[in-house]
Each structure stands twice: as structure tokens, then as C-alpha cells.
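Numbering (the working numbering), first residue to last: 672 to 872. Beta carbons: idealized from backbone N, C-alpha and C, even for Gly. Down below is the structure, laid out as C-alpha cells.
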């Protein structure tokens, strides 16, 4: 197991609200937002699955996952509800590591969470040192309320794309919407372009 530090899409240090993405304000806290009950996932039962077809999948148990190269990521995060938090610190495994041996012609994935949450992403938003499966925030294990034991972290997109309680990904040919996207949120979710809502909503 190795460790490195990544400045995940932070850019210059932003201290003033006018330097944040449009419509955002700073917070010192870490608000908890969820769509339903908080799953209680035991690490002994946890697994991460990447499925590229009905008979093709790659799986990691918690022990397998923790044996992979670990990165430390320092990054800003932006919630679609308008709060932003600067310089957050995480530890986890890059999606580049997890997708290294994945072969598919599909360009999109559906991220699936324990508890039933789903959100769609382009594979290009998960590759290139842009996304991680993280298990630690600010020096402590992720609590269930914040997505523990492990959550997706895609800091260059609005935070609803960083699915809590991550269970796996299923590749898909088309950019089929997930939960919030079906209910009016943008298919992509770039905070700097203020892609909060679908164009037709």
C-alpha cells in the first residue's frame, strides 16, 4: 500500500465568496444531506463492484480495497444547495486504480449506493485523477452520516454526484439519469457552469 497527496481540482486557494462558483457561499461546517435513512454498512459485508456486462464484473472486499494504493486528496467541495467548503482533506483510492483493467466501449456509468441511491456520471469524469473512493475525512474514518464506510468523491462536480455509501458502478452506453437527475437536476453538474438543473426543468 502506498500513499500520495493530490490537490484535487483546488486551483488557487479561494477565501472570498466572490471567488467561489456562482451562487455558492462558504461554510465552516459539513452539512448532512440525505434522501432517506442512513445505511449502516459493516466493513465485513461491504464490497465494491464494477460491472461492465451481465456476466462481467470486478469485485473488491474491504480487505482487498484497503490493500490498494492510497491517496491523500485536498480539495474544495460544492453542494448544489449552495454551500462550499474549502481545503477538505480525504484519503482513499483513485478511480484510475480501480478502472485500470476495466475494458468497455460504454462512456457512462451509474453509481449505485447501499440504500438504493443512484447517480449517473461520464467515465471521463472518473478518470484522469478526478475521482476517488474515500474512507477517511479530515483524519477520521467517515461516519455513516457522511457516507461511511466509503463514498465516492468527484470534487469537480456538485456534491450530489459524490455518492455516499458507494457499492459499485454499472457501465452504460447512454447517459441514463439517476435519482436526482430524474427529478430535475442536471445530467452533468459542473458548479463553475452552474449546472444545477436540467435545461427543460
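message: With a threshold of 6 Å on Cβ separation, who are the neighbours of residue 840 within its own chain once the five nearest residues in sequence on each side are excluded?
response: 721, 780, 782
field: DSSP three-state assignment for residue 722, whether helix, strand or coil
entry: strand
message: At the level of alpha carbons, what is the spacing between residue 705 and residue 797?
response: 22 Å
task: Return yes when the Cβ of residue 764 is within less than 8 Å of the Cβ of residue 792, no when it is not.
output: no
message: So the candidates are 845, 867, 861; which of them puts its Cα closest to the Cα of residue 854?
response: 867
- request: Examine the Cβ distances between the region 754-764 and the region 736-743 and report whether three or more of them are shorter than 8 Å.
  value: Flag = yes, the region 754-764 and the region 736-743 touch.
message: For residue 788 and residue 737, what's the separation of their Cα atoms in angstroms?
response: 24 Å
- request: Helix, strand or coil for residue 687, going by three-state DSSP, please let me know.
  value: Below a pLDDT of 50, predicted positions are generally treated as unreliable, and residue 687, at 49, falls in that range; the measurement from the model is reported next regardless. Looking at residue 687 - three-state DSSP - the assignment turns out to be coil, as it is neither helix nor strand.
message: Excluding the 5 residues flanking residue 860 on each side, which residues of the same chain have their C-beta closer than 6 Å to its C-beta?
response: Excluding positions up to five away in sequence, the list reads 828, 829, 832, 866.
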